[in-house]
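Quick notes on the structure that follows.
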Amino acid sequence: MQEKLIYKKPNSITDVNFSYCPGCGHSTVHKIIGEIVDELNLREKIIGVAPVGCAVFAYDFWDFDVTEAAHGRTPAVATAIKRVLPDRVVFSYQGDGDLASIGMAEIIHTANRGENITVIFINNTNYGMTGGQLAPTTLLNQKTTTSPFGRDAKNYGYPIKMLELLAPLPGVKYLERVKVTDAASIIKAKNAIKKAFTYQIENVGFAMVEVLSGCPTNWRKEPVEANKWIDEEVSKYFPIMKIKDIK
Amino acid sequence: MSESNKILIKGNHAIVEAAIDAGCRFYAGYPITPQNEIPEYMSKRMPEVGGVFLQAESELISINLVFGAAVAGARAMTTSSSPGISLMQEGISYMAGCELPGVIVNVQRGGPGLGNISPSQSDYYQAVKPGHGDYRLIVLAPYNTQEMYDFTFEAFDLADKYRNPVMILTDGLLGQIMESIDLKRRKSQYLNTEKKWALTGAKGRKGQRILSLLMKPGELEKHNFHLKEKYDLIYKTEKRYEKFSINKDTDYLIVAFGTVARISKETIKIANDLKIGLFRPITLFPFPYEELKEIAKNVKKIFVFEMNLGQMLDDVKIAVEDSKKIEFYGRPGGGVPTAEELLNFIIKKVK
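So the protein sequences, as listed, match chains A and B.
For the first sequence, the numbering used here assigns the number 1 to the initial residue and increments by one for each residue that follows.
For the second sequence, the numbering used here assigns the number 1001 to the initial residue and increments by one for each residue that follows.
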C-alpha cells in the first residue's frame, strides 16, 4: 500500500505538548504560526516576543528564538529587537489583557511609529491565565469573575475594538480580524497572518491580525458551544473583516 | 592606543559621549528634568554613529526598549531622574532576572512624589536595594564630570561581563555642571565578545529563550542561587572606593558618596587642626564593607553625610558594627550642604 503524507507537525513546532485547555484558540494559532515560519523559511531569522497571560509559555512550543516580555510591554520589546536587527522578522504575540489593557500605550505608539513588526492579537474576551477576569474586550452583559452580574457599560465601560482604534493611524498598514472556529475560518486566519508576516518581509510596515479565540474553560462552555458563541455573538461585536490594507 | 582629548563639557553630555565611545548604539529616553540634555544630545549623536535613538512614550517603555535591545545583543542605555526610575523598576527587575546587560543612568532629583528638580541622593535605596525579587544592580556613583564619563564608559563593560544591569547613580548637580575632562577614547574590553545567549534568529541552532519566568518546581530557587553566586563574585571583584586624607593620625572619618563626597573634601581642607579623612564608596553595590570596617576601627567618630534622610547610613552601620560611633547629617528634598555646614556639624559633635 502506498502511503501519502497529508498532514504533519510543522518543523517549527517543538514536541512539547500544548498546555492549553481543550478548545482554546492558542494551540491553533501557534500551529498556524509554525506552518507559516516553515513555509516562508523564517526559522533562522524570526524572533518572537511572548506575552504575560496564557501564551506566556509560547516559547515552549516554538522551535525558534523567543523572548519573554513584561506584561503589555511586548510591542516595546519587539520594537527594539527589530530596530537592532532590521533584517530579522520580529513579532509580538499578545492577549487582550496584555495588548488592550496594560499594554495600551505600547501598542498605540508602536503602531503610530509604524514599526515594521507583526502583531498577533488573541482576543478571547477575558484574562484566561488568571482565571477569567473582565478584559477590555469582554462583551456587554458577559459574566466574568470580576463582572459576576455581567458587564454593564455604566460601571465597566464598553468593549474596545483595537483594530478600529488603530486604523486611522498612518503608520498602520494592515489590520484584519479573523477567527479559528472551523476549517474554513482557520484557512482564512492563516492567510491573514501569513500576509502580515509577508508585509514585514517586504518592509510595508506595521501589521496586526486579531484572532477571536475560544476560551471554553473561563466561558463555562463546551468547546463546540464556545466556537458557536464566537460565530454568533462575539463576531457580531468584533466583525470578521479586513479593517485596513494599504497595499 | 588611547589618545588624550581635553574638553569642557556638561556632566549630562559627558554621559552621552561615554556611551557612544563604549559602543552603545541604542538609546531610549523620556523627558524629565534634570537629565533632559541626555536624550536631547543623544538624538543628535546616535544618528551620527549609526545607532538607534528612540524617544519612548514613558519610562516604562524606555526600559523595555533597552530590554529588547539587550535581547538582540546590542549595547543599550536609558537615562532618567528619580520619579522616572521608579517607573523603570519593573523592567530593571526583568532585566536582572533575565540576566540582560544594560546601563541605566539616574540623575537624581528631590522626592518623594514629584518632589523638585534640585540635586538629591534620595534614590540610594532604590538603586542599591531595588525593586521586586531577589536581585542586585551594580551601582556606580561618580563625583565629578570626569567620572560621569569614565563610569558610564566602564558600566557597559561591567554589564556585559556579568550580564547584569548597571546603574550610574548621579544627581542634578553633577548632571548640570561643566568641567574640563579627558575623553580617553579607550577600547572597550568586552565590546566584541560574542553574546551567544542573544536572540538573533536560530541560525544553525535550536531556538533560544530569554526568560525570568521559571515555574517548574525548584527552578527559580536554583536560578536565584545562581544569581547569588554572580553577586558574590561581583562583591569580591568589583568593589571600588576612594580614601582621602586618611592616615594613622586620622581622628574623624567622613563617609560620603557622589556630590556630598566632593563637598566633604572641601570640609577637610578647611578643617584646620581637626584630623579628618574621607572614605568615598564608589560602587554602592558592591558596597566596600570590609574596607570601611578596617578604617573605622582606628577613628574616634564616623560622620555619614548624605543628601537624604540617611540611606547609605544603613550600609555604614552594617560595615562599622558600632552605631555609637556614627553621627549622621543629611539634607533631604533637594538640599545641598556647604563645606562649612558640614564642618560645623563635626565641630558641634566632637567638641
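Just so it is clear, CB atoms sit at the ideal spot from N, CA and C, and this is done for glycine as well.
Against chain A, the beta carbon of B/Tyr1094 has neighbours under 9 Å at Glu68, Ala69, Ala70 and Arg73, listed in chain order. Secondary structure within the region 1269 to 1326 of chain B: the beta strand (DSSP E) runs of 3 or more consecutive residues, fully enclosed, are 1276 to 1281, 1283 to 1285 and 1301 to 1306 (chain order). Interface annotation for the region 142 to 170 of chain A against chain B: empty, criterion Cβ-Cβ distance under 7 Å. Note on the region 1158 to 1194 of chain B: whole beta strand (DSSP E) runs with a minimum of 3 residues are 1165 to 1171 and 1178 to 1182, in chain order. Per DSSP, B/Asp1021 is one residue of the alpha helix (DSSP H) stretching across Gly1011 to Asp1021. Look at A/Val84: its C-beta is under 8 Å from a C-beta on chain B. Under the 8 Å criterion on CB atoms, A/Tyr93 is classed as non-interfacial with respect to chain B.
Under the three-state reduction of DSSP, A/Ser92 is assigned to strand.
Residue state for B/Pro1119 is assigned as strand, using DSSP reduced to three classes. Counting other Cβ atoms within 10 Å of its Cβ, B/Glu1306 reaches 16 or more and is therefore classed as buried. The criterion of a C-beta distance shorter than 8 Å is not satisfied by B/Tyr1094 and B/Phe1053. Contact annotation: in the region 1046 to 1067 of chain B, residues whose CB is within less than 9 Å of a CB in chain A are Val1052, Leu1054, Ala1056, Glu1057, Ser1058, Leu1060, Ile1061, Ser1062, Ile1063, Asn1064, Leu1065, Val1066 and Phe1067. Of all residues in the region 1182 to 1210 of chain B, only Leu1199, Thr1200, Gly1201, Ala1202, Lys1203, Gly1204, Lys1206, Gly1207, Gln1208, Arg1209 and Ile1210 come within less than 8 Å of chain A when Cβ atoms are compared, listed by chain position. Excluding five sequence positions before and after B/Gln1089, the CB atoms of its chain that fall closer than 8 Å to its own CB belong to Gln1126, Pro1130, Gly1131 and His1132, given in chain order. Residues of the same chain with a CB within less than 8 Å of the CB of A/Thr138, apart from the 5 flanking positions on each side, are Thr125, Asn126, Thr144, Ser147, Arg151, Tyr156 and Pro159 in chain order. Listed in chain order, the beta strand (DSSP E) elements of length 3 or more contained wholly in the region 1189 to 1261 of chain B are 1241 to 1244 and 1252 to 1255. For the 8 Å CB-CB criterion, A/Arg177 and A/Met104 do not form a contact.
Residue pairing by DSSP places B/Arg1109 opposite B/Pro1119 in a beta bridge. Following the DSSP letters along the chain, one finds A/Gly157 in no beta strand (DSSP E), marked with neither H nor E. The distance from the Cβ of B/Ile1092 to that of B/Ile1063 is about 6 Å, consistent with a contact at the 8 Å cut-off.
Rounded to the nearest angstrom, the gap between the Cα atoms of B/Glu1341 and B/Thr1259 is 15 Å. Short of 6 Å from the beta carbon of A/Leu42, and not among the five residues preceding or following it, lie these beta carbons of its own chain, in chain order: Val89.
Taking 7 Å as the Cβ-Cβ cut-off, the region 1210 to 1238 of chain B approaches chain A at Ile1210, Leu1211, Ser1212 and Leu1213, given in chain order. According to DSSP, residue pairing for A/Ser213 in a beta bridge does not occur. In this structure, the straight-line span from the alpha carbon of B/Tyr1252 to that of B/Ile1104 is close to 35 Å. Here DSSP, grouped into helix, strand and coil, assigns B/Gln1055 to strand.
Between the region 1263 to 1281 of chain B and the region 1241 to 1248 of chain B, the count of Cβ pairs shorter than 8 Å is three or higher; the stretches touch. Judged by pairs of C-beta atoms under 8 Å, the region 22 to 39 of chain A does not touch the region 1163 to 1173 of chain B, as fewer than three such pairs exist. In the displayed model, A/Ile240 falls within coil according to three-state DSSP, outside both helix and strand.
Boundaries around B/Phe1026 are those of the beta strand (DSSP E), Phe1026 to Gly1029, since no alpha helix (DSSP H) includes it.
Three or more beta-carbon pairs drawn from the region 1068 to 1077 of chain B and the region 74 to 85 of chain A are found closer than 8 Å, and the two stretches are therefore classed as touching.
Taking 7 Å as the upper bound on Cβ-Cβ separation, chain B lies near residues Ala105 of the region 94 to 105 of chain A. Unbroken beta strand (DSSP E) runs of no fewer than 3 residues, entirely contained in the region 150 to 234 of chain A, are found at 172 to 179 and 206 to 212, following chain order.
Secondary structure at A/Asp38: helix, using DSSP grouped into helix, strand and coil. Bounds of the alpha helix (DSSP H) holding B/Glu1340 are Ala1339 to Val1350. Minimum Cα-Cα distance from B/Ser1120 among the listed residues B/Arg1205, B/Ile1138 and B/Arg1109 corresponds to B/Arg1109.
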